[in-house]
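Engineer:
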Amino acid sequence: MPCNRIQNALDDFLDGICDREAAMQVSHHLDECADCREVVERERILRSRLKALPVEGPSESFRASAFDKARSAAANTSPTQSASRIWRRSLTGSLAAAVLVLFVASFLFDPSARTPSAGIPEVAISVEQTTPVNLVFSSKGALSNARVTLQLPEGIALAGYDGRRALRWMTELKDGKNVLQLPLVGQAGASGEIVALLEHEKGSKTFRLKVTVI
Amino acid sequence: MVDPFEQLLGPHLDKLYRLAYRLTSSASDAEDLVQDVLTKLYLRRNELSSIRDLSPWLSRVLYNQFIDARRRDARRPLQLVDNRFIDQTFAGDGDPVLDAAAREDAMALQAALAKLSEDHRVVLLLHDAEGYKLSEIHEVTGISLGTLKSRLSRGRARLREVLIQEGTFFESTACSDVDGVQIDAL
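Protein chains in written order, with my numbering: chain A, 1 to 214; chain B, 1 to 186.
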C-alpha cells in the first residue's frame, strides 16, 4: 500500500475502527516504512497529550451549592444569573443596574493620544452584592491580538473568580465600542484601584478605576 | 433526607461538568452552564424519572444549553485566556525539566486548540480528550455521524497544521530521540 493511502487510513487505524484487512495492510506497511512510522508515532503522542489535557475542577463551593442554587432559582422562577460571564456584545443590553465607565483606546490611529489627565474615575459598589461595572473600550479601528490584563485591589473581586487578583484576556477589539462587563463583589470597607492594561504590538494603555465598597 | 432531584442527578454532576468544561474551556463558564441546566431541569423534575437513559439525555440538554447561550451572545468581544491552571497542574515535585516541558506542551496544545473553529475543537476534545465515541457525540449533539467524522478528521489536520506552524510540539518530540532525528532542508 503506498504511503499516501496509508496516511488516509491512519485515523481509522489509530482509532481502532479499521476493518481487519485494512489494519493488516497498514501494519505491514509500517513494518517497512520509517517515514510513516514516524508519522504514526507523532500522531500517537499528540493523541495521548490530548487525552492528558487537564480539566480545571469547579470551585470548592460548586458541588455543595449547585443543587441549593437550582432550587432557590427555580423557586424564584427566574433564570440563574451567570455572574461570571464578564463579556457583553453591545451597549444595547440592559444597563439598568450597571455603572458605565468609558475609556478611550485610540492609540492605533492616533499614536500621539495620551490618557486623559483628568482624575481617575470612581465608582461605588454595594457590599456583598454583585454590581456590574462596564468598561467600554472605544477603539479607532479594529485591533487583533490585543491583551487585556486586569489587576484587582484587596477586598474586591470578580464574581466567579474569588481570590483572583489578576486576570488576563486575549481579545480582538472591533472598531468603535467594545464592552467588558465586570461583575464586581466587595468586602465591607474595601477600596482601591482596578488597573486595566491593554497591550498591543503597537503600544499599550493603562486605565485606572477607583472602586469603593459601601 | 436527600432531595430526590439531587439523588437522581448528583451522580452525573462530574460528567456534566467535564463536558461543560470541554465545551467552554473555562471553569467558571462550565459552572454557569451546569448551574443553568440544573435550574432548568429542577422546574421539570417530575419528568426526569421517566427518562430511560439519563446520562446521554443530560449531556444533550447541556449541549443544547451551550448552543443557545452561544447564539444569544453571538460574538464575544473579550475571551479569557488563562494559563494559571496549567501552571498549577504541572507545579509538582517531579523533575523540573520534565515538568516544564510537559507544562509547555500543554500550554502549546491549549493555545493551538483555541485557534481551531468551535466545530472542530468541540468534536476533537470530546473524542480525543474525553474518549467519547462518534456515536455518543452524535447522541449529544444531534450532528450526523458523517459530519462528525469529517469535522474530527479536519480538526486533527488543522491542529497538526497549527502546531507545526508554531514550531513547538512536534519539534520537541523529535528532539527526544536523538538516534531518530532526521534533518531535512525545508
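We treat Cβ as the ideally placed atom computed from N, Cα and C, and that holds for glycine.
Going by other Cβ atoms of all chains shown within 10 Å of its Cβ, with 16 needed for buried, is E130(B) buried or exposed?
Structural biologist: Classification of E130(B): buried, given that the 10 Å Cβ count is 16 or more.
Engineer: I156(A) bridges to which residues according to DSSP?
Structural biologist: Note: I156(A) sits in a beta bridge opposite G186(A).
Engineer: Quick one: is S153(B) near chain A, going by C-beta distance under 9 Å?
Structural biologist: Chain A, which has a Cβ nearer than 9 Å to the Cβ of S153(B), makes this yes.
Engineer: Could you pull out every unbroken beta strand (DSSP E) segment of at least 3 residues lying fully inside the stretch 2-63 of chain A, listed in chain order?
Structural biologist: Within the stretch 2-63 of chain A, no complete beta strand (DSSP E) run reaches 3 residues.
Engineer: So which of N8(A), A9(A), A74(A), P121(A) has the shortest CA-CA distance to I194(A)?
Structural biologist: Taking only the C-alpha atoms, the option nearest I194(A) is P121(A).
Engineer: Assuming V133(A) and L184(A) form a contact by the criterion Cβ under 8 Å, report the distance between their Cβ atoms to the nearest whole angstrom.
Structural biologist: Between L184(A) and V133(A) the Cβ distance is about 5 Å, and since that is below 8 Å, they are a contact.
Engineer: Could you name the residues of chain D that L38(B) contacts, counting a contact when the two beta carbons are closer than 8 Å?
Structural biologist: Here chain D cannot be found, since the structure's protein chains are A and B.
Engineer: What's the call for L158(A), buried or exposed, on a 16-neighbour Cβ count within 10 Å?
Structural biologist: So L158(A) counts as buried.
Engineer: For the beta strand (DSSP E) holding K210(A), just list the boundary residues, first then last.
Structural biologist: From DSSP, the beta strand (DSSP E) with K210(A) extends over 203-213.
Engineer: Is the stretch 52-66 of chain B touching the stretch 6-18 of chain B in the sense that three or more CB pairs, one from each, lie closer than 8 Å?
Structural biologist: Yes: at least three Cβ pairs fall under 8 Å.
Engineer: Take L148(B) and list the residues in its own chain whose beta-carbon comes closer than 7 Å to its own, dropping the five residues that flank it on each side.
Structural biologist: So the list reads V123, L134, I137, H138, once near-sequence residues are dropped.
Engineer: Nearest to L50(A) by CA position, among G167(B), Q165(B), E166(B), G155(B), is which residue?
Structural biologist: Answer by Cα proximity: G155(B).
Engineer: Could you name the residues that DSSP lists as bridge partners for V215(A)?
Structural biologist: Because residue 215(A) is not part of the residues shown, which for chain A are 1 to 214, the question remains open.
Engineer: Along the beta strand (DSSP E) that carries I125(A), what are the first and last residues, could you check?
Structural biologist: Run containing I125(A): 122-125, per the beta strand (DSSP E) assignment.
Engineer: Once the 5 residues before and after H28(A) are set aside, which same chain residues still bring their CB inside 7 Å of it?
Structural biologist: Excluding positions up to five away in sequence, the list is empty.
Engineer: In the DSSP assignment, find the unbroken alpha helix (DSSP H) run with Y21(B) in it and report its ends.
Structural biologist: Counting along the chain, the alpha helix (DSSP H) containing Y21(B) begins and ends at 13-24.
Engineer: Strictly under 9 Å for the Cβ-Cβ distance: is L41(B) near chain A by that measure?
Structural biologist: Cβ-Cβ to chain A under 9 Å: yes for L41(B).
Engineer: In chain A, what lies closer than 8 Å to L13(B) by C-beta?
Structural biologist: Result: R63, A66.
Engineer: Is the beta carbon of V211(A) sitting closer than 9 Å to the one on A188(A)?
Structural biologist: No.
Engineer: If you run the structure through DSSP and keep just helix, strand and coil, what is G146(B)?
Structural biologist: Helix, per DSSP.
Engineer: Where does the unbroken alpha helix (DSSP H) through V45(B) begin, and where does it stop?
Structural biologist: For clarity, residue 45(B) is Arg in the given sequence; the question names Val instead. Its alpha helix (DSSP H) spans residues 45-48.
Engineer: Residues in the same chain with beta-carbon distance under 8 Å from E201(A), minus the five sequence neighbours each way, listed in chain order, please.
Structural biologist: Once the five neighbours on either side are set aside, the close Cβ partners of E201(A) are N145.
Engineer: If the cut is a Cβ gap below 7 Å, which residues of chain B does L197(A) touch?
Structural biologist: Here the premise fails: no neighbours, minimum Cβ distance about 14 Å.
Engineer: Kindly say whether R49(A), judged by its beta-carbon, lies nearer than 9 Å to any beta-carbon of chain B.
Structural biologist: Answer yes: the Cβ-Cβ gap between R49(A) and chain B drops below 9 Å somewhere.
Engineer: For chain A, find out if any of its Cβ atoms is closer than 9 Å to the Cβ of G167(B); answer yes or no.
Structural biologist: No, no contact with chain A.
Engineer: For a test of the three-state rule: what should DSSP assign to S117(B), helix, strand or coil?
Structural biologist: In the structure shown, S117(B) sits in coil (DSSP, three-state: anything other than H, G, I, E or B).
Engineer: For S28(B) and E56(A), what's the separation of their Cα atoms in angstroms?
Structural biologist: Answer to the nearest angstrom: the Cα atoms are 10 Å apart.
Engineer: Under 8 Å Cβ to Cβ from L174(A), same chain only, skipping five residues before and after it: list those, please.
Structural biologist: Strictly speaking, residue 174(A) in this sequence is Lys, with Leu absent from that position. Around K174(A): S139, A142.
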